[in-house]
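Undergrad: Just so you know, the sequences run in chain order A and B. When you line the first sequence up against numbering that gives the first Met the number 0, it's residues 0 to 482, in that order. When you line the second sequence up against numbering that gives the first Met the number 0, it's residues 0 to 495, in that order. Quick one: this structure, given as structure tokens, is what I'll be asking you about.
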Amino acid sequence: MSLIAGRTGDWEVVIGLEVHAQVVSNSKLFSGAATEFGAEPNTQVSFVDAGMPGMLPVINGVCVRQAVLTGLGLNAEINLVSVFDRKNYFYADLPAGYQISQFTRPIVGKGTIVLDLPGGATREVGITRLHLEQDAGKSLHDQHPTKSFIDLNRSGVALMEIVSEPDMRTSEEAGAYLKKLRSILRYLGTCDGNMEEGSMRCDCNVSVRRPGGELGTRCEIKNVNSIRFVMLAIEYEARRQIEIIEDGGTIRQETRLFDSGRGETRSMRSKEDAHDYRYFPDPDLLPLVLSPEFVAEIKAGMPELPDPKKARFVAEYGLSPYDAGVLVGEQENAAFFEAVARGRDAKLAANWVTGDFFGFLNKSGRPIAEAPVSAEALGGLIDLIRDGTISGRLAKEVFEAMWETGKPAAAIVEERGLRQVSDTGAIEASIDGVMAANADKVAEYRSGKDKLFGFFVGQVMKATQGKANPALVNEILKRKLAG
Amino acid sequence: MTMAANLTDLTLAEARDGLVARRFSAIELTDAHVAAVEAGRPLNAFITETPDAARAAAAESDRRIAAGEARPLEGLPLAIKDLFCTAGVPTTAGSHILDGFKPPYESTVTANLWQAGAVMLGKVNLDEFAMGSSNMTSYHGPVENPWRRRGDNRPLTPGGSSGGSAAAVAARMALGATGTDTGGSIRQPAAFCGIVGIKPTYGRCSRWGIVAFASSLDQAGPMARTVRDAAILLREMAGHDPKDSTSVALPVPDFEKTLDQGVKGLRIGIPKEYRIAGTPPEIEALWQQGIAWLKDAGAEPVEVSLPHARFALPTYYIIAPAEASSNLARYDGVRFGLRVPGQTLDEMYENTRAAGFGAEVRRRVLIGTYVLSAGYYDAYYLKAQRVRARIVEDFRNAFEKVDAILTPATPSAAFGLDDKQDDPIAMYLNDVFTVTANLAGLPGLSVPGGLSAEGLPLGLQVLGRAFDEETVLRVGRQIEKAAGFTAKPAMAGGAA
Numbered sequence: 000m001s002l003i004a005g006r007t008g009d010w011e012v013v014i015g016l017e018v019h020a021q022v023v024s025n026s027k028l029f030s031g032a033a034t035e036f037g038a039e040p041n042t043q044v045s046f047v048d049a050g051m052p053g054m055l056p057v058i059n060g061v062c063v064r065q066a067v068l069t070g071l072g073l074n075a076e077i078n079l080v081s082v083f084d085r086k087n088y089f090y091a092d093l094p095a096g097y098q099i100s101q102f103t104r105p106i107v108g109k110g111t112i113v114l115d116l117p118g119g120a121t122r123e124v125g126i127t128r129l130h131l132e133q134d135a136g137k138s139l140h141d142q143h144p145t146k147s148f149i150d151l152n153r154s155g156v157a158l159m160e161i162v163s164e165p166d167m168r169t170s171e172e173a174g175a176y177l178k179k180l181r182s183i184l185r186y187l188g189t190c191d192g193n194m195e196e197g198s199m200r201c202d203c204n205v206s207v208r209r210p211g212g213e214l215g216t217r218c219e220i221k222n223v224n225s226i227r228f229v230m231l232a233i234e235y236e237a238r239r240q241i242e243i244i245e246d247g248g249t250i251r252q253e254t255r256l257f258d259s260g261r262g263e264t265r266s267m268r269s270k271e272d273a274h275d276y277r278y279f280p281d282p283d284l285l286p287l288v289l290s291p292e293f294v295a296e297i298k299a300g301m302p303e304l305p306d307p308k309k310a311r312f313v314a315e316y317g318l319s320p321y322d323a324g325v326l327v328g329e330q331e332n333a334a335f336f337e338a339v340a341r342g343r344d345a346k347l348a349a350n351w352v353t354g355d356f357f358g359f360l361n362k363s364g365r366p367i368a369e370a371p372v373s374a375e376a377l378g379g380l381i382d383l384i385r386d387g388t389i390s391g392r393l394a395k396e397v398f399e400a401m402w403e404t405g406k407p408a409a410a411i412v413e414e415r416g417l418r419q420v421s422d423t424g425a426i427e428a429s430i431d432g433v434m435a436a437n438a439d440k441v442a443e444y445r446s447g448k449d450k451l452f453g454f455f456v457g458q459v460m461k462a463t464q465g466k467a468n469p470a471l472v473n474e475i476l477k478r479k480l481a482g
Numbered sequence: 000m001t002m003a004a005n006l007t008d009l010t011l012a013e014a015r016d017g018l019v020a021r022r023f024s025a026i027e028l029t030d031a032h033v034a035a036v037e038a039g040r041p042l043n044a045f046i047t048e049t050p051d052a053a054r055a056a057a058a059e060s061d062r063r064i065a066a067g068e069a070r071p072l073e074g075l076p077l078a079i080k081d082l083f084c085t086a087g088v089p090t091t092a093g094s095h096i097l098d099g100f101k102p103p104y105e106s107t108v109t110a111n112l113w114q115a116g117a118v119m120l121g122k123v124n125l126d127e128f129a130m131g132s133s134n135m136t137s138y139h140g141p142v143e144n145p146w147r148r149r150g151d152n153r154p155l156t157p158g159g160s161s162g163g164s165a166a167a168v169a170a171r172m173a174l175g176a177t178g179t180d181t182g183g184s185i186r187q188p189a190a191f192c193g194i195v196g197i198k199p200t201y202g203r204c205s206r207w208g209i210v211a212f213a214s215s216l217d218q219a220g221p222m223a224r225t226v227r228d229a230a231i232l233l234r235e236m237a238g239h240d241p242k243d244s245t246s247v248a249l250p251v252p253d254f255e256k257t258l259d260q261g262v263k264g265l266r267i268g269i270p271k272e273y274r275i276a277g278t279p280p281e282i283e284a285l286w287q288q289g290i291a292w293l294k295d296a297g298a299e300p301v302e303v304s305l306p307h308a309r310f311a312l313p314t315y316y317i318i319a320p321a322e323a324s325s326n327l328a329r330y331d332g333v334r335f336g337l338r339v340p341g342q343t344l345d346e347m348y349e350n351t352r353a354a355g356f357g358a359e360v361r362r363r364v365l366i367g368t369y370v371l372s373a374g375y376y377d378a379y380y381l382k383a384q385r386v387r388a389r390i391v392e393d394f395r396n397a398f399e400k401v402d403a404i405l406t407p408a409t410p411s412a413a414f415g416l417d418d419k420q421d422d423p424i425a426m427y428l429n430d431v432f433t434v435t436a437n438l439a440g441l442p443g444l445s446v447p448g449g450l451s452a453e454g455l456p457l458g459l460q461v462l463g464r465a466f467d468e469e470t471v472l473r474v475g476r477q478i479e480k481a482a483g484f485t486a487k488p489a490m491a492g493g494a495a
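This is the structure in structure tokens:
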């Protein structure tokens, strides 16, 4: 357990996270309007989204399916009956004056998520609930000196609010939670997890206490939009609370904002100023009733998730938990690895994928689907290493050429004449040439300076432009130098 | 009588048959009604008249009739309650806050009517956001009932909230009208104006495109001069709409077909809790008369008990305002209708809503906000929902024993436009017989039974099982036949 040392002793941080994950769907939660990111303002707005008189919400079945799928991915209870409620408050970007959400009866109940921590350790965090709700529109306050502009494109877009238990104790765990949750959502295809575009946003509930003691008063940090900021915000907030308590003060329950520029949290509103949302069941919508068959059908179609996949990679391919963890983080990466490893040395495949391939990929900033080297092509390279056509050293050069040209490994080896020379006659001839040209060094070697062996290897490789089979060079050179 | 007066005096069914038989043209029929609407302006029934669009629609109807392509409501002029959104035509909900609002869409119910060939004469007046029982809360001023007390020319309320609809139909300005009924807003004005109105089962008509008052109670329905006319209109208005999650996917019967099957063998429930102290003797007498008529026609009256009916009114006045307080939040000055500027967003909200909403709407928004507030929710809203469930249960039990229930429609005849204004509670009592059907989601029909001692119409109410409008209409038709209600209001066909 990681504690924070204060002036008066150690402190334990208690963290719970509420994540708003935008549901992947073509249309909004209760209307047919499109959800595409980055469209011109107010071009993806139906009469329902604009809160026009007489307009009624109709639940989008795709969003329900996505919520159930996510619930199953979080090992959570699926509630066959759930209810949509109205959360009432006035704001210019909330056209109806209420947000349709789920309050007392969410679609998904308790679940769990397993965090992957440094050193291969894991830790389980409880999921309290997942519910469906609409997003609000966007207020733009910087477009006009005295007026605010409203963009309703986001109004009505489906969100899943995923609430964790207060089970995390460090900012690293909070970071690991978000990474794992994002990974699961992406595997399921229920949220793209893109925090920069706002399709995943996080509220952090933070309190501090003496280790194992009574829970402290919590503060909620709203709408943090990157994993790094979540970790920074938690660290700052924990320190702030500890200082207040150690100075004899008490923590006020309040909502705070994270200022990423200054790296600090600031008070937004206190509990006393909190809205009374006057939740009540939305009379425009009937309770959402799911059949067990519907849930079973979704369950049957679920993809393999990161945890079982990691376990399988360790068992099936003999990978280390660390390598397996790196590979399963993104579904596409895992699939790429498996395509490379199929029928090949899996450890060698894992080394190439996590090593050179990820190195070039990260540098290029491209998604894996657009990498110039396909899994098939990387497999081809590995095949050439295995059958001795090229040396591992030359393979790196070949890979770089593959990345630049998009050509298969064999073509590059042929074009550049990189094929490994395993013809003993040719190697012997090179060695003879090198020895003749360096008769003095041969004499020194034979008089006991066997460190010069490396020099001869280097000269032979140079003479063969690196193509000589290193094992054969070693073997023949040793024999010839011995005289 | 002129030909125009003859045409406006026809029932909707007669006009339909006359058009098909080419006894007159749709244009003639529409012109006669347009003239009646103009002549009837002193009643203030219409907020917006659309004579040009009406004539254009009538011309199309004549073309279709000539081509043998007449649709079920071909060429029949109707008045539309100004709570239904009509594409390109101002829709006010009787409120200042919707100033200038022209919906770019058509409500499902009105779209169904135009699809069936009906002709829109215009948009008719109502209590603001359908909140009221007198039509006096309308920003566009009260509607006058075309009826007068015998020997007394003081104006009377047509009832509400569908007062403009009821007055227009009673005064022969339209063959029929749409209404909406949240607590009695079709049935009470129908009774006050001597016409027929039916609130169908919740879910029978789509609510899409109707300005919402209380979503779990609101239901559209027809208002007409005969039970047959109401049946004809209801068939075209009703139907499943995927755009309204609470509309029900059930086939819509041909109500007209089963209308005259009589009531022989039907068991008619008489709820003992509806004998309310203070009910005028003539209301009680009419109720007894109704029971006798049905008995004479072969039905069997059976006393039933609705033990929670006495809690219906307070329950209604918690649930309806609660939903309304949320439904009316969208009238905020941001996107449409009235905006009164302010220094801050909150100030703009306050200025707009203070100027845009009338006293009754403000009262209900306040009540609704209060009953949903933290600390009061359980005691008011949640308790009201529990009572509502008991009321539903009461009716379920009753309908195990009977096929329909007969009650008075209102506790009084139409009152004067100057009465009852100061006491909202007294006004709320108008709904005492009607709200139960809304809380239970059941169909209810108001049919004229006779005249009061002062010469004003009085209505009887028939309640039925969910989605059994057929029986309700059959019973209503039997009462209509027995009552032989032929009295006409003082002002009809625009002729005072």
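For each residue, glycine too, the CB sits at the ideal point set by N, CA and C. Just so it is clear, the structure is predicted and the values come from calculations on it, not from any experiment.
Listing by chain order, which chain B residues have their CB less than 8 Å from the CB of ASP141 (chain A)?
TA: What ASP141 (chain A) touches in chain B: nothing, since even the nearest Cβ is about 16 Å away.
Undergrad: Return no unless some Cβ of chain B is closer than 7 Å to the Cβ of VAL212 (chain A).
TA: Here residue 212 (chain A) is Gly; the residue named in the question, Val, does not match the sequence. It does not; no Cβ of chain B falls within 7 Å.
Undergrad: Determine the direct distance from the alpha carbon of ILE149 (chain A) to that of ARG497 (chain A), and round the result to whole angstroms.
TA: Examination of residue 497 (chain A) is not possible in this model, given that chain A is present from 0 through 482 alone.
Undergrad: Distance cutoff 7 Å, beta carbons only. Does ARG85 (chain A) sit that close to anything in chain B?
TA: At least one chain B Cβ lies under 7 Å of ARG85 (chain A).
Undergrad: From the DSSP secondary-structure annotation, give me the bridge partner or partners of ASP202 (chain A).
TA: BP columns for ASP202 (chain A) point to A:GLU17.
Undergrad: If we ignore side chains and look at the alpha-carbon of each, how far apart do GLY262 (chain A) and TYR97 (chain A) end up?
TA: C-alpha separation (whole angstroms): 33 Å.
Undergrad: Between which two residues does the beta strand (DSSP E) carrying GLU132 (chain A) extend?
TA: It spans 121 to 133 - the beta strand (DSSP E) in which GLU132 (chain A) sits, taken as one unbroken run.
Undergrad: CA-CA distance, THR423 (chain A) and ALA340 (chain A)?
TA: Using only the alpha carbons, I get a separation of about 32 Å.
Undergrad: Within 7 Å (strictly less), CB to CB, does ILE209 (chain B) reach chain A?
TA: It does; some Cβ of chain A falls within 7 Å.
Undergrad: Could you confirm whether any beta carbon from chain A is found closer than 7 Å to the beta carbon of VAL333 (chain B)?
TA: Chain A contact via Cβ: present.
Undergrad: Short check: CB of ARG268 (chain A) to CB of THR254 (chain A), under 7 Å?
TA: Result yes, Cβ atoms of ARG268 (chain A) and THR254 (chain A) sit closer than 7 Å.
Undergrad: Excluding the five sequence neighbours on either side, which residues of its own chain have a C-beta within less than 8 Å of the C-beta of PHE414 (chain B), listed in chain order?
TA: Here the set comprises SER133, LEU155, THR156.
Undergrad: Where does GLY493 (chain B) land, buried or exposed, given buried means 16+ other C-beta within 10 angstroms?
TA: Reliability of the predicted coordinates at GLY493 (chain B) is poor, the pLDDT of 48 falling under 50, and the value obtained from them is presented with this limitation in mind. GLY493 (chain B) is buried by the Cβ-count criterion.
Undergrad: So what's ASP30 (chain B) in DSSP terms, helix, strand or just coil?
TA: The answer is helix: DSSP assigns ASP30 (chain B) an H, G or I state.
Undergrad: Pairing CB atoms from the stretch 215 to 222 of chain B with CB atoms from the stretch 199 to 206 of chain B, are three or more of them under 8 Å?
TA: A contact exists between the stretch 215 to 222 of chain B and the stretch 199 to 206 of chain B.
Undergrad: Kindly indicate if chain A contains any beta-carbon less than 7 Å away from that of ALA373 (chain B).
TA: Yes, because at least one Cβ of chain A sits closer than 7 Å to the Cβ of ALA373 (chain B).
Undergrad: Can you tell me which of B:ALA439, B:ARG363, B:ILE390, B:ASN326 puts its alpha carbon nearest to the alpha carbon of MET51 (chain A)?
TA: For MET51 (chain A), the nearest C-alpha among the options comes from B:ASN326.
Undergrad: For a quick check, are the C-beta atoms of GLU17 (chain A) and VAL162 (chain A) less than 7 Å apart?
TA: Their beta carbons are under 7 Å apart, which means GLU17 (chain A) touches VAL162 (chain A) by this criterion.
Undergrad: Using a Cβ cut-off of 9 Å, which residues of the stretch 100 to 116 of chain B contact any Cβ in chain A, in chain order?
TA: Cβ contacts with chain A come from PHE100, PRO102, PRO103, TYR104, SER106.
Undergrad: By a C-beta neighbour count over all protein chains shown, 10 Å radius and 16 as the cutoff for buried, is VAL80 (chain A) buried or exposed?
TA: With fewer than 16 other Cβ atoms within 10 Å, it is exposed.
Undergrad: What residues in the stretch 226 to 245 of chain B bring their beta carbon closer than 8 Å to a beta carbon of chain A?
TA: If the cut-off is 8 Å between Cβ atoms, the stretch 226 to 245 of chain B has PRO241, LYS242, ASP243, SER244, THR245 near chain A.
Undergrad: Between the C-alpha atoms of ARG445 (chain A) and LYS309 (chain A), what's the straight-line distance to the nearest angstrom?
TA: The alpha-carbon atoms of ARG445 (chain A) and LYS309 (chain A) are separated by roughly 54 Å.
Undergrad: If we count the other Cβ atoms within 10 Å of its Cβ and call it buried at 16 or more, is LEU154 (chain A) buried or exposed?
TA: Residue identity check: residue 154 (chain A) is Ser in the sequence provided, not Leu. By the 10 Å Cβ count, SER154 (chain A) comes out buried.
Undergrad: Quick check on ARG203 (chain B) - is its C-beta less than 7 Å from some C-beta in chain A?
TA: For ARG203 (chain B), the answer is no, since every Cβ of chain A falls outside 7 Å of its Cβ.
Undergrad: Counting only C-beta atoms, is TYR97 (chain A) closer than 7 Å to chain B at any point?
TA: So yes, TYR97 (chain A) belongs to the interface.
Undergrad: For the beta strand (DSSP E) that ASP150 (chain A) lies in, which residues bound it at each end?
TA: It spans 148 to 150 - the beta strand (DSSP E) in which ASP150 (chain A) sits, taken as one unbroken run.
Undergrad: Report the residues of the stretch 332 to 366 of chain B with a CB closer than 8 Å to any CB of chain A, ordered along the chain.
TA: Within the stretch 332 to 366 of chain B, the qualifying residues are VAL333, ARG334, PHE335, LEU344, ASP345, TYR348.
Undergrad: Taking Cβ to Cβ, would you say TYR375 (chain B) is nearer than 7 Å to ILE317 (chain B)?
TA: Not in contact: TYR375 (chain B) and ILE317 (chain B) (Cβ atoms no closer than 7 Å).
Undergrad: Can you list the alpha helix (DSSP H) stretches of 4 or more residues lying completely in the stretch 36 to 94 of chain A, in chain order?
TA: 60 to 72, all fully within the stretch 36 to 94 of chain A.
Undergrad: Report, in whole angstroms, the separation of the C-beta atoms of VAL195 (chain B) and GLY475 (chain B), which I expect to be a contact under 8 Å.
TA: Correct: roughly 7 Å between the Cβ atoms.
Undergrad: Write down the C-beta distance between ILE512 (chain A) and PRO165 (chain A) rounded to the nearest angstrom, noting that I regard them as a contact closer than 8 Å.
TA: What the structure shows of chain A is the stretch from 0 to 482, and residue 512 (chain A) is not part of that stretch, so it cannot be assessed.
Undergrad: Which bits of chain A does CYS84 (chain B) rub up against, with CB to CB less than 7 Å?
TA: Within 7 Å Cβ-Cβ: PRO52, GLY53.
Undergrad: Along the chain, where does the alpha helix (DSSP H) that runs through ASP228 (chain B) open and close?
TA: Per DSSP, ASP228 (chain B) belongs to the alpha helix (DSSP H) from 226 to 236.
Undergrad: Whether or not the stretch 105 to 117 of chain A and the stretch 327 to 346 of chain B are in contact is what I'm after, with contact meaning three or more pairs of Cβ atoms, one per stretch, closer than 8 Å; do they touch?
TA: No, they do not touch.
Undergrad: Are ALA166 (chain B) and LEU42 (chain B) close, meaning C-beta to C-beta below 7 Å?
TA: In this structure, LEU42 (chain B) lies closer than 7 Å to ALA166 (chain B) by Cβ.
Undergrad: Secondary structure at GLY17 (chain B), three-state DSSP: helix, strand or coil?
TA: GLY17 (chain B) falls in the helix class under three-state DSSP.
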